[in-house]
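Asks: Numbering (our numbering), first residue to last: 3 to 338. Quick reminder that beta carbons are idealized off the backbone N, C-alpha and C, glycines included.
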Amino acid sequence: MILLRKILFPFAVLYGWIAQFRNFLYDKGFLKSYSFDLPIIAVGNLSVGGTGKTPQIEYLIRLLSANYKIATLSRGYKRKSEGFVLADDTSTAAILGDEPYQFYKKFPNIQVAVDADRKNGIEQLLSLPNKPNIILLDDAFQHRKVKAGFYILLTSYDDLFCDDYILPTGNLRESRSGAKRADCIIVTKCPKAITDFEQNEIKEKLDSTVPLFFSCIEYDDCIFSSNESKKVNEIKDLYKLLIAGIAKPKSFFDFLKNQNDISLTFPDHHHFTASDILTIKNIAKDSLIITTEKDYVRLKDCIPINQLFYLPIKTSFISNKTTFDSIISDYLKITI
Numbered sequence: 003m004i005l006l007r008k009i010l011f012p013f014a015v016l017y018g019w020i021a022q023f024r025n026f027l028y029d030k031g032f033l034k035s036y037s038f039d040l041p042i043i044a045v046g047n048l049s050v051g052g053t054g055k056t057p058q059i060e061y062l063i064r065l066l067s068a069n070y071k072i073a074t075l076s077r078g079y080k081r082k083s084e085g086f087v088l089a090d091d092t093s094t095a096a097i098l099g100d101e102p103y104q105f106y107k108k109f110p111n112i113q114v115a116v117d118a119d120r121k122n123g124i125e126q127l128l129s130l131p132n133k134p135n136i137i138l139l140d141d142a143f144q145h146r147k148v149k150a151g152f153y154i155l156l157t158s159y160d161d162l163f164c165d166d167y168i169l170p171t172g173n174l175r176e177s178r179s180g181a182k183r184a185d186c187i188i189v190t191k192c193p194k195a196i197t198d199f200e201q202n203e204i205k206e207k208l209d210s211t212v213p214l215f216f217s218c219i220e221y222d223d224c225i226f227s228s229n230e231s232k233k234v235n236e237i238k239d240l241y242k243l244l245i246a247g248i249a250k251p252k253s254f255f256d257f258l259k260n261q262n263d264i265s266l267t268f269p270d271h272h273h274f275t276a277s278d279i280l281t282i283k284n285i286a287k288d289s290l291i292i293t294t295e296k297d298y299v300r301l302k303d304c305i306p307i308n309q310l311f312y313l314p315i316k317t318s319f320i321s322n323k324t325t326f327d328s329i330i331s332d333y334l335k336i337t338i
């Protein structure tokens with residue numbers, strides 16, 4: 003795979019030129035970016051997948067939903083619907099996509115919508131009788147057709163954008179210079195014990211002029227099904243089947259796994275087939291099955307409820323949480 007990526011380097015150069023030319027057209031006004039008369043916060047990355055966008059959106063929902071009417075707007079990756087869809091009681095993961103459906107189930111007091119055309123999605127949300135006064139755009143850093151008021155750029159600790167290359171040689175969707183559009187940068191999935199020295203080294207590598215933060219993933223101390231919960235420390239030594247269809251599942255497996263467990267890895271946003279379900283049931287038999295929160299919304303109707311559990315995660319700032327919260331608060335005070 004590494005050799006193939008090196009062979010494809012000329013295509014990476016071409017891809018980079020195309021992405022850079024597109025950004026030039028937006029920057030100079032040849033392609034129009036649309037602004038809206040309400041705060042729009044975009045969370046995204048320069049690379050493909052696995053930087054923790056979902057827990058960061060959930061962090062913002064928890065931070066803001068007590069005082070504002072929040073709507074999330076996502077593309078709805080791999081959903082089986084088209085156009086604008088506003089989540090309601092009839093929605094499923096297949097209709098919304100797994101991550102928006104997760105938002106809808108976890109946060110019933112917010113509006114959750116999907117639309118590949120973010121401009122149209124925002125216009126649809128603003129036409130609602132109970133329209134939001136803040137919109138959170140999920141995975142929209144490259145969606146230049148809409149000009150958000152505040153951009154949060156995520157980069158993973160173990161795969162910093164400054165060390166990466168353009169697709170297909172690397173994982174970058176656009177050149178590293180795209181980071182200049184960010185209003186703040188968060189280095190995600192850091193070790194909890196990251197030192198000040200290492201943080202300063204990363205700051206120097208990223209060479210950014212905007213506020214820089216470091217966060218980590220925290221796992222819940224319980225796993226959950228649709229009707230019960232169990233303490234992680236009580237099931238850690240039990241035989242279980244662990245399932246993950248996410249971009250970077252290693253930390254999920256490491257948190258739960260003992261030497262006798264079996265782990266099954268599927269592609270990110272995987273739609274589980276009847277054959278997949280049969281394989282899972284045959285391997286697990288009567289044992290506990292634990293999956294990620296994102297995969298649970300696609301598996302919950304296929305596995306017995308007393309057997310299938312998920313492990314929630316959330317993002318946590320290693321330091322300067324108050325500073326980050328204040329930056330968001332100050333932006334909202336100016337725009338509302």
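I need the DSSP call for D185, collapsed to helix, strand or coil.
Replies: Position 183 of the sequence shown, counted from the start, is the residue given in the question as residue 185. Correct three-state label for D185: coil.
Asks: Answer yes or no: do L214 and S49 have a C-beta to C-beta separation smaller than 8 Å?
Replies: Taking the sequence shown and counting its residues from 1, the one referred to as residue 214 is at position 212. Taking the sequence shown and counting its residues from 1, the one referred to as residue 49 is at position 47. Their beta carbons are not under 8 Å apart, which means L214 does not touch S49 by this criterion.
Asks: Would you report the Cα separation of N25 and D288, rounded to the nearest angstrom?
Replies: Counted from its first residue, the sequence shown places residue 25 at position 23. Counted from its first residue, the sequence shown places residue 288 at position 286. Approximately 53 Å between the Cα atoms of the pair.
Asks: Report the CB separation of I320 from K194 in whole angstroms; it is logged as a contact under 8 Å.
Replies: Indexing the sequence shown from 1 puts residue 320 at position 318. Indexing the sequence shown from 1 puts residue 194 at position 192. Sure, about 7 Å apart at Cβ, within 8 Å.
Asks: Straight-line CA distance for S328 to F13?
Replies: Translated into positions along the sequence shown, residue 328 becomes position 326. Translated into positions along the sequence shown, residue 13 becomes position 11. Roughly 42 Å separates the two Cα atoms.
Asks: Taking Cβ to Cβ, would you say L266 is nearer than 8 Å to I292?
Replies: In the sequence shown, the residue the question calls residue 266 occupies position 264. In the sequence shown, the residue the question calls residue 292 occupies position 290. For L266 and I292, no; Cβs fall outside 8 Å.
Asks: Between Y17 and A68, what straight-line distance do the alpha-carbon atoms span, to the nearest angstrom?
Replies: For the purposes of this step, residue 17 is taken as the residue at position 15 of the sequence shown. For the purposes of this step, residue 68 is taken as the residue at position 66 of the sequence shown. Approximately 43 Å, taken between the alpha carbons.
Asks: To the nearest angstrom, how far is the alpha carbon of I136 from that of G51?
Replies: Position 134 of the sequence shown, counted from the first residue, corresponds to residue 136. Position 49 of the sequence shown, counted from the first residue, corresponds to residue 51. Between I136 and G51, the C-alpha separation is close to 25 Å.
Asks: Do L156 and I188 have their C-beta atoms within less than 8 Å of each other?
Replies: If you number the sequence shown from 1, residue 156 lands on position 154. If you number the sequence shown from 1, residue 188 lands on position 186. Cβ distance < 8 Å, so L156 and I188 count as in contact.
Asks: Going by DSSP, which residues form a beta bridge with A246?
Replies: Locating residue 246 in the sequence shown gives position 244, counting from the first residue. BP columns for A246 point to T267.
Asks: Quick one: what's got a C-beta closer than 6 Å to K316's C-beta in the same chain, skipping five residues either side?
Replies: In the sequence shown, counting from the first residue as 1, residue 316 sits at position 314. For K316, where only same-chain residues beyond five positions count, the Cβ hits under 6 Å are P57 and E220.
Asks: Taking the beta carbon of E206 as the centre, do at least 16 other beta carbons fall within 10 Å, making it buried, or is it exposed?
Replies: Residue 206 sits at position 204 when you count from the first residue of the sequence shown. It counts as exposed.
Asks: Is it true that the stretch 118 to 129 meets the stretch 27 to 46, where meeting means three or more beta-carbon pairs spaced less than 8 Å apart?
Replies: Contact holds: three or more Cβ-Cβ distances are below 8 Å.
Asks: Compute the distance between the beta-carbons of Y79 and G99, then report whether it is under 8 Å.
Replies: What you label residue 79 is simply residue 77 of the sequence shown in a count that begins at 1. What you label residue 99 is simply residue 97 of the sequence shown in a count that begins at 1. The answer is yes: Cβ separation under 8 Å.
Asks: Could you check the C-alpha separation between D278 and L334 for me, to the nearest Å?
Replies: To locate residue 278, count along the sequence shown from 1; it is residue 276. To locate residue 334, count along the sequence shown from 1; it is residue 332. Each residue's alpha carbon lies about 45 Å from the other.
Asks: On the DSSP letters alone, give me the boundaries of the alpha helix (DSSP H) that E295 sits inside.
Replies: Along the sequence shown, read from residue 1 onward, the residue named residue 295 stands at position 293. E295 -> alpha helix (DSSP H) spans E295 to L301.
Asks: I believe S217 touches C192 by the beta-carbon criterion, under 8 Å. Please report the beta-carbon distance rounded to the nearest angstrom.
Replies: Along the sequence shown, read from residue 1 onward, the residue named residue 217 stands at position 215. Along the sequence shown, read from residue 1 onward, the residue named residue 192 stands at position 190. Sure, about 6 Å apart at Cβ, within 8 Å.
Asks: Note down, in chain order, each residue of its chain lying with its Cβ closer than 6 Å to the Cβ of A184, except the 5 sequence neighbours on either side.
Replies: The sequence position of residue 184 within the sequence shown is 182, counting from 1. For A184, where only same-chain residues beyond five positions count, the Cβ hits under 6 Å are Y153, L155 and V212.
Asks: Nearest CA to the CA of I245: which residue from R81, F23 and R300?
Replies: As a working note, residue 245 is residue 243 in the sequence shown. Ranking the options by Cα distance to I245, first place goes to R300.
Asks: Is V114 closer than 8 Å to P131 when the C-beta atoms are compared?
Replies: Within the sequence shown, residue 131 is the residue found at index 129, counting from 1. Within the sequence shown, residue 114 is the residue found at index 112, counting from 1. No; because the gap between Cβ atoms is not below 8 Å, this pair is not in contact.
Asks: Determine the burial state of I9: buried for a count of at least 16 other Cβ atoms within 10 Å of its Cβ, exposed for fewer.
Replies: Taking the first residue of the sequence shown as position 1, residue 9 is located at position 7. Its Cβ having fewer than 16 others within 10 Å, I9 is exposed.
Asks: Is DSSP giving C304 helix, strand or coil here?
Replies: Position 302 of the sequence shown, counting from 1, holds the residue named residue 304. In the structure shown, C304 sits in coil (DSSP, three-state: anything other than H, G, I, E or B).
Asks: So if DSSP puts D161 in a beta bridge, which residue, or which two residues, is it bridged to?
Replies: As a position in the sequence shown, residue 161 is number 159, starting the count at 1. BP columns for D161 point to S158.
Asks: Would you please state the rounded distance, in angstroms, between the beta carbons of D256 and Y241? I believe it to be under 8 Å.
Replies: Taking the sequence shown and counting its residues from 1, the one referred to as residue 256 is at position 254. Taking the sequence shown and counting its residues from 1, the one referred to as residue 241 is at position 239. Incorrect: roughly 17 Å between the Cβ atoms, too far for contact.
Asks: With burial defined as no fewer than 16 other Cβ atoms inside 10 Å of the residue's Cβ, what is the status of L280: buried or exposed?
Replies: Your numbering for residue 280 matches position 278 in the sequence shown. Looking at its Cβ environment, which holds fewer than 16 other Cβ atoms inside 10 Å, L280 is exposed.
Asks: Quick check: A181 and F199, are their CB atoms within less than 8 Å of each other?
Replies: In the sequence shown, counting from the first residue as 1, residue 181 sits at position 179. In the sequence shown, counting from the first residue as 1, residue 199 sits at position 197. In this structure, F199 does not lie closer than 8 Å to A181 by Cβ.
Asks: On the three-state DSSP scale, how would you describe K252?
Replies: To locate residue 252, count along the sequence shown from 1; it is residue 250. If DSSP states are grouped into helix, strand and coil, K252 belongs with the helices.
Asks: From the DSSP output, in three-state form, read off V212 for me.
Replies: Stepping through the sequence shown from its first residue, residue 212 is reached at position 210. Looking at V212 - three-state DSSP - the assignment turns out to be coil, as it is neither helix nor strand.
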